[in-house]
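Here's the structure we're looking at; comments come further down.
Chains as they are written, first to last, in UniProt numbering: chain Y, 1 to 295; chain L, 1 to 329.
So, in structure tokens, the structure goes:
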């Protein structure tokens with residue numbers, strides 16, 4: 001086999017693939033954050049905890065009720081999204097007129113409560129979640145072996161990202177949403193129920209996090225702290241992509257996943273920090289992020 | 001984050017000078033109470049517990065300088081606290097430095113990190129600022145996790161205290177307590193001076209109305225950067241001292257939950273108040289101490305306190321007290 005810069009192609013493609021998978025999670029999670037940030041102007045610190053909750057709900061559905069992966073892929077985001085809507089109605093709405101940093105602090109508190117609750121009942125050790133039978137096995141691509149489930153993650157992430165982009169940019173509902181982002185008073189003067197739109201948007205963003213959680217359940221072990229470290233990386237991703245930018249979230253998510261994977265091949269020591277280094281560079285050159293509008 | 005601590009009613013403006021004297025008297029009383037507590041506390045409380053409290057109180061005061069007076073919410077102060085703890089630990093353990101030099105080195109490291117991070121971070125505001133400081137702190141966390149210098153998962157253990165100026169033995173908790181007490185008192189007096197200096201007044205001006213301060217000709221960015229560096233240096237002072245108190249610098253000190261804890265302390269005590277962070281630190285440290293047996297319940301209780309504070313108790317304990325006494329605390 002040929003070699004690239006002294007790196008065997010198996011390692012290179014393997015890491016690029018791993019990067020794409022991580023990137024899929026970054027993309028779906030930062031997409032949810034971007035949608036929420038766009039309309040509510042808050043950073044949802046609880047996003048990582050809700051991602052974990054999505055995975056846990058899928059595990060609970062399977063363990064207690066015998067509901068399989070495919071159904072969980074729909075039911076879990078709906079349940080967690082519903083919880084998100086309750087959170088928005090009861091806690092975030094009263095803070096709407098205050099400095100947005102209070103909302104950030106509130107969702108930080110929520111993160112502690114949610115993580116603490118799951119830790120209390122399930123401990124910190126992981127719960128295994130089986131890969132659905134149809135998606136087990138590997139495909140031989142000639143230069144490497146591709147596990148089918150991993151390919152499935154990437155495909156699902158791309159579909160969800162595209163669907164969300166389409167929903168926001170090309171449909172009537174999306175146009176209301178974008179208008180409400182620009183000028184909520186004007187939009188509500190046109191008879192659109194903006195508070196309801198805000199609740200639904202938050203629920204939708206949270207559901208995206210839960211969806212990523214369900215996808216993650218079979219590959220990562222389901223545990224209460226699984227969202228803790230990924231969420232900070234995702235924050236960096238949305239800062240790089242431009243806060244509230246849908247395109248920035250999607251491209252930034254996949255792109256940075258691959259960059260991270262490549263760093264693992266060429267300079268493994270920096271692989272955990274490369275995204276933060278890129279973030280610092282982007283901020284120095286273009287403070288609003290690559291796809292962001294000037295602030 | 002703007003917190004109205006200095007609402008001046010017409011009545012207050014009329015007798016401003018007498019009001020000012022009254023406020024200063026209140027501050028002197030507060031300092032007297034703090035000093036008395038610091039002196040008496042080891043008689044009836046476990047010294048290590050009190051030292052922990054003093055370190056975190058200093059950390060929270062340093063943080064509040066930025067949030068309460070500069071209006072800058074940093075979500076990455078653990079980097080300075082923990083980074084400095086590693087620095088002091090390394091200096092004392094590997095280089096065998098005496099405590100005063102190890103802690104001075106920790107302050108320097110904190111200030112240097114503050115200068116580097118602040119240089120990038122102050123270009124942004126509000127939520128962006130919080131996210132960027134958080135990301136920087138996470139870089140420090142991953143560095144500490146991987147580097148052999150910081151001991152990875154184990155951290156730096158059994159850090160020696162050595163002897164003060166190479167003369168006075170401080171290995172007993174009772175003796176080391178007085179060093180911590182002196183550091184703490186100097187630290188809070190320094191913060192008090194900064195808040196009440198012309199620099200502090202400009203800072204409050206920036207918090208209330210940044211645009212106006214720019215149009216008045218102030219170099220707002222420079223003020224913010226200096227505040228960031230002072231706050232980071234003081235966090236370093238707290239972190240370095242803490243490392244010597246516990247003989248330990250670990251990943252807990254640099255993790256983002258530590259950054260969150262200091263926000264919570266400031267919030268409970270009252271952001272933008274002078275003495276609030278001390279009370280807030282006391283509440284949290286005591287809570288962690290007495291709820292320690294409950295395991296992950298601490299996390300839940302802490303989170304619930306956070307939520308309740310944000311929803312209904314944004315002025316904090318000292319904020320409410322100050323309102324009640326019609327003074328500034």
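Note that CB positions come from ideal geometry on N, CA and C, so glycine has one too.
Alpha helix (DSSP H) segment containing residue i, residue limits
i             : result
residue 235/Y : 226-241
residue 96/Y  : First-last for residue 96/Y: undefined, no H or E at that position.
residue 224/L : 220-246
residue 181/Y : 172-182
residue 275/L : Unbroken run through residue 275/L: none, as it is neither H nor E.
residue 129/Y : From DSSP, residue 129/Y is part of no alpha helix (DSSP H); its letter is neither H nor E.
residue 77/L  : That residue, residue 77/L, is in no alpha helix (DSSP H); it is neither H nor E in DSSP.
residue 109/L : 99-121
residue 322/L : 316-324
residue 195/Y : 194-216
Neighbour flag for residue i against chain Y, beta carbons, 7 Å
i             : result
residue 188/L : no
residue 3/L   : Since pLDDT at residue 3/L reaches only 47, below the 50 mark, its modelled position is unreliable, and no value is offered.
residue 168/L : no
residue 316/L : no
residue 52/L  : no
residue 135/L : yes
residue 6/L   : For residue 6/L, the pLDDT reaches just 47, beneath the cut-off of 50, and the residue's location in the model is therefore unreliable, although a value from the coordinates is still provided. By this cut-off, residue 6/L is not an interface position.
residue 123/L : yes
residue 43/L  : no
residue 66/L  : no
residue 219/L : no
residue 296/L : yes
residue 9/L   : With a pLDDT of only 49 at residue 9/L, under 50, the local geometry of the prediction cannot be trusted, and no value is derived from it.
residue 70/L  : no
residue 82/L  : no
residue 268/L : no
residue 262/L : no
residue 258/L : no
Beta-carbon proximity list for residue i, same chain, < 6 Å, skipping 5 on both sides
i             : result
residue 119/Y : 224
residue 281/L : 56, 57, 60, 265
Integer-rounded CB distance, given that residue j should sit under 8 Å from residue i
i             : j             : result
residue 106/Y : residue 94/L  : In fact, because the Cβ distance is near 43 Å, the residues do not count as touching under 8 Å.
residue 108/Y : residue 306/L : 7 Å
residue 39/Y  : residue 210/Y : That pair is no contact at about 19 Å.
residue 85/L  : residue 243/L : 4 Å
residue 283/Y : residue 120/L : 6 Å
residue 232/L : residue 113/L : 6 Å
residue 82/L  : residue 156/L : Incorrect: roughly 11 Å between the Cβ atoms, too far for contact.
residue 162/L : residue 97/L  : 7 Å
residue 226/L : residue 213/L : Residue 226/L to residue 213/L, Cβ: 14 Å. No contact.
residue 133/L : residue 74/L  : 4 Å
residue 237/Y : residue 277/Y : Contact flag wrong, Cβ pair sits at about 13 Å.
Chain-order list of residues whose beta-carbon lies under 7 Å from that of residue i (same chain, five-residue window excluded)
i             : result
residue 100/L : 164, 165
residue 3/L   : Residue confidence is low: residue 3/L scores 47 on pLDDT, short of 50, so the model does not pin down where it sits. No coordinate-derived value is stated.
residue 89/Y  : 199
residue 15/Y  : 261, 262, 264, 265
residue 45/Y  : 104, 107, 108, 111
residue 18/Y  : 261
residue 207/L : 2, 69, 70, 71
residue 53/L  : 281, 282, 285
residue 322/L : 273, 328, 329
residue 11/L  : Legend: pLDDT at residue 11/L = 48, less than 50; position of this residue unreliable, value from coordinates given subsequently. So no residue of the chain qualifies.
7 Å Cβ cutoff, residue i in contact with chain L
i             : result
residue 54/Y  : no
residue 119/Y : yes
residue 1/Y   : For residue 1/Y, the pLDDT reaches just 45, beneath the cut-off of 50, and the residue's location in the model is therefore unreliable, leaving the point undetermined.
residue 85/Y  : no
residue 281/Y : no
residue 43/Y  : yes
residue 146/Y : no
residue 116/Y : yes
residue 278/Y : no
residue 15/Y  : no
residue 164/Y : no
residue 197/Y : no
residue 236/Y : yes
Chain A contact for residue i (CB, 7 Å cutoff)
i             : result
residue 307/L : Any reference to chain A falls outside this structure, whose protein chains are Y and L.
Contact set for residue i: own chain, Cβ-Cβ below 8 Å, skip 5 residues either direction
i             : result
residue 117/Y : none
residue 118/L : 224, 225, 228, 229, 232
Unbroken stretches of the beta strand (DSSP E), 3 residues or longer, contained in the segment 132-157 of chain Y: 138-140, 145-147
For the segment 44-80 of chain Y, which segments carrying the alpha helix (DSSP H) assignment without a break, of at least 4 residues, lie completely within its bounds, in sequence order? 47-65
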